[in-house]
Ligand SMILES: Nc1ncnc2c1ncn2[C@@H]1O[C@H](COP(=O)(O)OP(=O)(O)OP(=O)(O)O)[C@@H](O)[C@H]1O
Ligand SMILES: [Mg+2]
């Protein structure tokens with residue numbers, strides 16, 4: 047039985063009225079769990095509330111209703127056990143790349159010797175291929191390089207949970223590929239729990255064990271959760287050969303193109319339970335049983351037909 051590490055329970059975020067508008071409910075009744083060591087991606091259209099949700103998980107923003115429980119305790123502020131890579135890099139502009147990372151590492155391990163601190167930071171600078179740029183300040187780095195400092199900083203504090211907001215979107219294909227591989231190998235070597243927002247379907251299929259689909263806002267909800275049915279040792283070079291790749295990919299594209307906007311019908315259906323979003327396994331043929339589990343084992347075809 048997998049151990050729950052993050053439990054999102056009835057989360058809602060309302061932004062107060064502005065001068066020319068009423069209150070704005072970004073999302074509501076959002077429920078899902080992330081297990082220890084699991085890699086979960088969140089997909090949804092721009093503006094549906096993904097960053098807002100991640101900020102609440104990080105303890106940087108407060109929910110209007112509901113709660114986030116991490117390791118059995120309610121989140122009420124940021125923690126060094128949860129590292130965040132922001133959509134925009136969020137580095138300290140007056141510090142060099144090295145010092146941005148060292149600052150975070152020292153917050154976590156205040157008693158490291160200078161040599162150990164430097165060696166530890168250098169390991170992650172090398173990992174994100176920034177060797178030689180250690181003493182540059184953010185204004186002297188490109189957008190992709192700044193993003194890589196942010197990724198190195200998150201990895202360097204060896205957090206229990208990584209919260210990543212489109213971390214690779216500003217990177218060239220080569221760097222993106224090698225960082226995805228690094229992240230995967232870190233996750234496979236250590237018990238790393240990752241919650242990541244992405245717009246890139248192939249990235250989600252490569253990295254994620256499960257993919258949470260969020261409808262368009264306002265009042266966005268979790269429509270369903272897609273289980274990645276490809277083997278966990280998949281690579282970017284071979285995953286397209288797997289029989290489940292195209293059913294999975296088509297399911298996600300269909301969600302983004304069509305179903306994310308037509309969710310009202312789905313969430314008003316009697317079998318929609320926001321506390322238990324439907325789990326779909328595209329590519330897997332549903333077993334011919336009538337037991338309770340059968341409801342959860344929906345094929346892409348059946349869930350598309352219902353939507
Ligand atoms: N501080 C705020 N005050 C008022 N409205 C806000 C605030 N922050 C975000 N919003 C609104 O909440 C909605 C969700 O924003 P959010 O940044 O979470 O979207 P997103 O899903 O991350 O989008 P993207 O994919 O473009 O990054 C948007 O309509 C945005 O305008
Ligand atoms: Mg965002």
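Numbering (my numbering), first residue to last: 47 to 353. All C-beta atoms, glycine included, are put in the ideal place defined by N, C-alpha and C. Computed from a predicted model, the values in this text were never measured in an experiment.
Distance check for residue 330 and residue 338, CA to CA, integer angstroms please. Counting from one through the chain shown, the residue named residue 338 turns up at place 292. Counting from one through the chain shown, the residue named residue 330 turns up at place 284. With a pLDDT of only 43 at residue 338, under the threshold of 50, the placement of this residue in the model should not be trusted, and no figure is reported.
Mind reading off the beta-carbon distance from residue 127 to residue 207? Whole number of angstroms is fine, and I expect it under 8 Å. Residue 127 sits at position 81 when you count from the first residue of the chain shown. Residue 207 sits at position 161 when you count from the first residue of the chain shown. 6 Å between Cβ atoms; contact.
Given a cut-off of 8 Å on the beta-carbon distance, is the pair residue 201 and residue 173 in contact? Reading the chain shown from its first residue, position 155 is the one you call residue 201. Reading the chain shown from its first residue, position 127 is the one you call residue 173. Taking 8 Å as the Cβ cut-off, residue 201 and residue 173 qualify as a contacting pair.
Can you give the beta carbon distance from residue 104 to residue 58, rounded, assuming they're within the 8 Å contact cut? Numbered from 1 along the chain shown, position 58 holds the residue referred to as residue 104. Numbered from 1 along the chain shown, position 12 holds the residue referred to as residue 58. About 17 Å; that fails the 8 Å criterion.
Using only the alpha-carbon positions, how far apart do residue 353 and residue 302 sit? Locating residue 353 in the chain shown gives position 307, where the first residue counts as 1. Locating residue 302 in the chain shown gives position 256, where the first residue counts as 1. With a pLDDT of 38 at residue 353, under the threshold of 50, the modelled position of this residue cannot be trusted; read the value that follows with caution. Their Cα atoms are separated by approximately 13 Å.
Which same chain residues end up closer than 7 Å to residue 230 when comparing Cβ atoms and leaving out the 5 residues on each side of it in sequence? The count along the chain shown starts at 1 and reaches residue 230 at position 184. If we look at residue 230 and ignore the five residues flanking it on each side, its Cβ neighbours are 253.
Using a Cβ-Cβ cutoff of less than 6 Å, which residues in the same chain neighbour residue 342 once the five nearest sequence positions on both sides are dropped? Locating residue 342 in the chain shown gives position 296, counting from the first residue. Because the pLDDT at residue 342 is just 45, under 50, the model does not fix this residue reliably, and the point stays unresolved.
Can we count residue 96 as close to ligand 2, meaning its CB is less than 7 Å from some heavy atom? Stepping through the chain shown from its first residue, residue 96 is reached at position 50. Correct: residue 96 has its Cβ closer than 7 Å to ligand 2.
Taking only runs that begin and end inside the segment 75-105, name each unbroken beta strand (DSSP E) of 3 or more residues, in chain order. 85-89
Is the beta carbon of residue 86 less than 8 Å from the beta carbon of residue 241? Within the chain shown, numbered from 1, the residue matching residue 86 stands at position 40. Within the chain shown, numbered from 1, the residue matching residue 241 stands at position 195. The answer is yes: Cβ separation under 8 Å.
What is the C-beta distance between residue 197 and residue 184, in whole angstroms, given that I count them as a contact (C-beta under 8 Å)? By 1-based counting over the chain shown, the position of residue 197 is 151. By 1-based counting over the chain shown, the position of residue 184 is 138. Not confirmed; about 14 Å, so no contact.
Assuming residue 180 and residue 221 form a contact by the criterion Cβ under 8 Å, report the distance between their Cβ atoms to the nearest whole angstrom. In the chain shown, the residue the question calls residue 180 occupies position 134. In the chain shown, the residue the question calls residue 221 occupies position 175. That pair is no contact at about 17 Å.
Note down the Cα distance separating residue 293 from residue 328, rounded to an integer number of angstroms. Translated into positions along the chain shown, residue 293 becomes position 247. Translated into positions along the chain shown, residue 328 becomes position 282. Taking the straight line from one Cα to the other gives about 5 Å.
Which one or two residues does DSSP pair with residue 71 in a beta bridge? One-based indexing of the chain shown puts residue 71 at position 25. Paired residues: 60.
Looking only at its chain, what residues have a beta carbon closer than 7 Å to the beta carbon of residue 78, apart from the 5 residues adjacent to it on each side? As a first step, residue 78 is located in the chain shown; it is residue number 32 there, counting from the start. Cβ within range, chain order: 54, 258, 268, 271 and 323.
Exposure label - residue 67; buried when at least 16 CB within 10 Å: Working through the chain shown from its first residue, we reach residue 67 at position 21. Exposed is the call here.
Using only alpha-carbon positions, find the residue among 204, 49 and 131 that is nearest to residue 166. Against the chain shown, residue 166 aligns to sequence position 120. Checking every option, the nearest Cα to that of residue 166 belongs to 204.
Sequence-distant residues of the same chain with beta carbon closer than 7 Å to residue 125, five excluded per side: As a first step, residue 125 must be located in the chain shown, where it is residue number 79. So the qualifying residues of the chain are 105.
Under 8 Å between C-beta atoms of residue 238 and residue 123: Here residue 238 refers to the residue found at position 192 when the chain shown is read from its first residue. Here residue 123 refers to the residue found at position 77 when the chain shown is read from its first residue. It is not a contact, given that the beta carbons lie outside the stated cut-off.
Check whether the Cβ atoms of residue 298 and residue 266 sit closer than 8 Å, and answer yes or no. Taking the chain shown and counting its residues from 1, one reaches residue 298 at position 252. Taking the chain shown and counting its residues from 1, one reaches residue 266 at position 220. No.
Pick from 264, 218, 288 and 171 that is closest to residue 90, judged by C-alpha positions: By one-based count along the chain shown, residue 90 stands at place 44. That would be 264, whose Cα lies nearest to the Cα of residue 90.
For a test of the three-state rule: what should DSSP assign to residue 141, helix, strand or coil? As a working mapping, residue 141 is identified with position 95 in the chain shown. Three-state DSSP puts residue 141 in coil, outside helix and strand.
Using beta-carbon positions only, say whether residue 243 and residue 211 come within less than 8 Å of one another. For the purposes of this step, residue 243 is taken as residue 197 along the chain shown, with counting starting at 1. For the purposes of this step, residue 211 is taken as residue 165 along the chain shown, with counting starting at 1. Closer than 8 Å, so yes.
Thinking C-alpha only, which one of 315, 261 and 279 is nearest residue 304? Taking the chain shown and counting its residues from 1, the one referred to as residue 304 is at position 258. Residue 304 has its Cα closest to that of 261, out of 315, 261 and 279.
For residue 70 and residue 112, the rounded distance between their alpha carbons: Stepping through the chain shown from its first residue, residue 112 is reached at position 66. Stepping through the chain shown from its first residue, residue 70 is reached at position 24. Computed Cα separation, rounded: 17 Å.
Taking the alpha-carbon positions, what's the residue 379 to residue 101 distance? The chain is shown from 47 up to 353; residue 379 falls before or after that span and cannot be answered.
Would you identify the three-state DSSP class for residue 265, choosing helix, strand or coil? To locate residue 265, count along the chain shown from 1; it is residue 219. Here residue 265 sits in coil by DSSP.
Less than 6 Å between C-beta atoms, sequence neighbours within five positions excluded: which residues of the same chain meet that for residue 60? Position 14 of the chain shown, counting from 1, holds the residue named residue 60. 69, 71 and 110.
Looking only at its own chain, which residues have a Cβ that is under 8 Å from the Cβ of residue 276, when we skip the five neighbours before and after it? Position 230 of the chain shown, counted from the start, is the residue given in the question as residue 276. Excluding sequence neighbours, residue 276 sits near 251, 285, 288, 290, 291 and 294.
Should residue 66 be listed as close to ligand 2, given that the test is whether its C-beta is under 7 Å from any heavy atom? Working through the chain shown from its first residue, we reach residue 66 at position 20. Incorrect: residue 66 has no Cβ contact closer than 7 Å to ligand 2.
Taking C-alpha atoms, which residue in 135, 56 and 280 lies nearest to residue 227? By 1-based counting over the chain shown, the position of residue 227 is 181. If we check each option's Cα against that of residue 227, 280 comes out closest.
Per DSSP, residue 111 forms a beta bridge with which residues? Taking the chain shown and counting its residues from 1, one reaches residue 111 at position 65. According to DSSP, which records beta bridges pairwise, residue 111 is partnered with 58.
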